[in-house]
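What follows is a single structure, written as C-alpha cells, with notes after it.
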Amino acid sequence: MAREHMEKAADHPLSTELADRLQYFIQKKMTLKQLRIIVTLHRHKTMVAASRELSMTSANISLCVRDIEMLLECKIFLRRNGFYVPTLCGRMLIELGTRLAESCEYTIRKAHHLSGISVPDELTIGYIGPITACYAYELWSNLLAYNTGLNVNVIDLSALEQQSSLTLEQLQADVIFSSRGPNTLGFHDRWESRAFYIRHFHFLVACGENQPPPQPDDVDAFLLPTRSDNIVSAIHDHIAAHFPGTHTVSYCDAITGMAFAQLPHNTVLVVSDKEKQIIERNTHFHTLSVMDNQQIASSLHIQRERLLQLESPVYSILNDMTF
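Residue numbers (this note's numbering): 3 to 325.
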C-alpha cells in the first residue's frame with residue numbers, strides 16, 4: 003500500500019509536506035555520494051551501466067535509492083520498459099546535482115592549478131564551514147580520477163576557525179577552501195597562493211511579514227555594490243540569465259545602509275555573505291538567487307521556467323542553498 007501511494011504521488015505537483023521533507027533531506031541528510039548516484043543513474047538509465055561508472059554493485063545502488071525514497075516517502079525513479087525514469091522529485095535532485103557539479107567546475111580547475119599536484123605524492127585538502135565542504139570533495143574526486151597513485155586527504159578545519167593566529171603551514175594543508183577572508187587565519191605570504199576563498203553574492207528583495215515573497219518576474223530594479231569589473235560583469239550576466247525583462251541597475255558603496263532606506267518596491271539588493279548577515283539581523287528580506295563570485299551565468303543550466311512551475315518551498319530550496 004505504501005509503495006502504491008508513493009508511485010501515485012510521484013509525478014503530481016509537490017505538496018507542502020513533501021517539499022518540507024525534500025528540503026530537510028537536502029540540508030540535513032543528503033550526501034554527495036547519494037547525489038552522484040542519482041545523477042549517474044539518470045544519465046545511464048540502467049543499473050548495470052550506472053554500476054560500471056560508480057564501481058558499485060547494482061544491489062547497492064538500488065539500496066541507496068530505496069533509502070532515499072523511504073526518507074522522502076516518495077519515488078524518485080520509476081521503472082518503465084527496463085529503464086529508470088526520474089519523477090518530479092527525482093528531477094529536482096538531478097537538477098541540484100547538475101548545478102553543484104557545474105558551479106564547482108571553475109573552482110576545481112583553479113584549485114587544481116594552485117595545488118601543485120604534479121610534485122607531491124600526498125595532498126591534503128582542508129575546508130572551513132559546511133558551505134565549502136562540497137568544493138573540497140569535488141576536488142578530491144577529480145584529483146583521484148586523473149592522478150593514479152596520489153594519496154589525497156580531506157580534513158574539516160571548521161573547529162579551528164576562531165584561532166586567528168593559525169597559518170596554512172601549521173594546519174598542514176596544501177589547499178584550503180574557506181568562505182572567510184585571508185585575515186581569518188593570518189595566512190603567511192608564501193601560503194597565500196594556495197588558499198582559495200569562496201564568496202557568494204545574494205540577491206535580496208524586501209518582503210513584508212504577511213506578504214508572499216516576490217518572484218523574479220516582479221523585479222524592477224537592482225542595486226549593486228561597487229566591486230571589481232569582473233565581479234560586476236558576472237553579476238550582470240547572472241541578472242540576464244535569471245531575471246527576465248529590462249531592469250534599472252544602480253550602484254552604491256554603502257549597500258547595507260540602503261537596506262534600511264525606503265527603497266522602491268521590488269528593488270533587489272546584491273550583497274555579500276557578510277552584508278547579508280548584517281541586513282538579516284535588522285530587516286526581513288527574501289533571497290531570490292545566490293551567485294558564486296567566480297561563476298558566470300552561462301555555467302548555470304537550471305531552467306528558470308521549470309522552477310517557476312513548482313511550488314514556492316521547492317523553488318526556495320534550489321535558490322537559497324549556497325554551495
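We treat Cβ as the ideally placed atom computed from N, Cα and C, and that holds for glycine. Everything numeric in this text was worked out from a predicted model, so none of it was measured.
query	result
Measure the alpha-carbon distance for A1 versus F85 and round it to whole angstroms.	Nothing can be reported for residue 1: it is not among the residues displayed for the chain, which extend from 3 to 325.
Per the DSSP calculation, C254 is bridged to which residue(s)?	P227
Let me make sure I understand the geometry here. Which of T250, L271, L16 and V221 has the alpha-carbon closest to that of M260?	L271
For the beta strand (DSSP E) containing T18, name the first residue and the last one.	T18 -> not in any beta strand (DSSP E); alpha helix (DSSP H) instead, spanning T18 to Y26.
Please report how far the alpha carbon of Y199 lies from the alpha carbon of R81, in whole angstroms.	The pLDDT assigned to Y199 is 49, lower than 50, so where the model puts this residue is not dependable, and the model offers no usable value.
On a Cα-Cα basis, can you pick out the residue from N83, Q279 and C254 that is closest to H202?	Q279
Using a Cβ-based criterion (distance less than 7 Å to any ligand heavy atom), does L95 qualify as near the ligand NAP?	Among the components of this structure there are no ligands whatsoever, and the ligand NAP is therefore not found.
From this set, T269, I78 and E97, which residue's C-alpha is nearest C91's C-alpha?	I78
Which of helix, strand or coil does DSSP assign to I78?	coil
Look at the alpha carbon of S17 and the alpha carbon of E71, and state the distance between them as a whole number of angstroms.	16 Å
Please return the same chain residues whose Cβ sits closer than 8 Å to the Cβ of I63, not counting the five positions on each side in sequence.	I39, L43, M49, A52, S53 and L56
Of all the CB atoms in chain D, is at least one closer than 8 Å to the CB of K31?	Here chain D cannot be found, since the structure has a single protein chain.
Report the CB separation of F287 from A208 in whole angstroms; it is logged as a contact under 8 Å.	6 Å
Taking just the CA atoms, how far does G99 sit from T33?	11 Å
Can you find the residues in the same chain that come closer than 6 Å, C-beta to C-beta, to D255, ignoring five residues on each side of it along the sequence?	T228
What does a CB cutoff of less than 6 Å around L95 pick up in its chain, not counting 5 residues either side in sequence?	I40
Kindly list the residues whose CB is nearer than 6 Å to the CB of Y26, restricted to its own chain and excluding five residues on each side of it in sequence; keep chain order.	none
How should R308 be labelled, buried or exposed, when 16 other C-beta atoms within 10 angstroms of its C-beta is the threshold for buried?	Low local confidence applies: a pLDDT of 29 at R308 is under 50, so the model's placement there is unreliable, and no value is given.
What separation, rounded to the nearest whole angstrom, lies between the Cα atoms of K31 and E277?	29 Å
Once you ignore the five residues that flank S120 on each side, which residues in its own chain have a CB closer than 8 Å to its CB?	Any answer about S120 is weak, because its pLDDT of 48 lies below 50 and its placement is not dependable; what the coordinates show is given next. Excluding positions up to five away in sequence, the list is empty.
What residue range does the alpha helix (DSSP H) around L56 cover?	M49 to L56
By alpha-carbon positions, which one of Q213, I178, Q217 and H238 ends up nearest to G224?	Checking the displayed sequence, the identity of residue 224 turns out to be Phe instead of Gly. The shortest Cα separation from F224 among Q213, I178, Q217 and H238 belongs to H238.
Could you check whether F245 and V273 sit closer than 8 Å to each other, using their CB atoms as the reference points?	no
Under DSSP, the beta strand (DSSP E) around F205 begins and ends at which residues?	H202 to A208
Rank Y129, I241 and P216 by C-alpha distance to the C-alpha of V177 and give the top, closest one.	Y129
With 16 as the cutoff for other CB atoms within 10 Å, does T59 come out buried or exposed?	exposed
Report all residues from its chain with a CB closer than 8 Å to the CB of H249; omit the five preceding and five following residues, and keep chain order.	V221, D222, A223, F224 and I241
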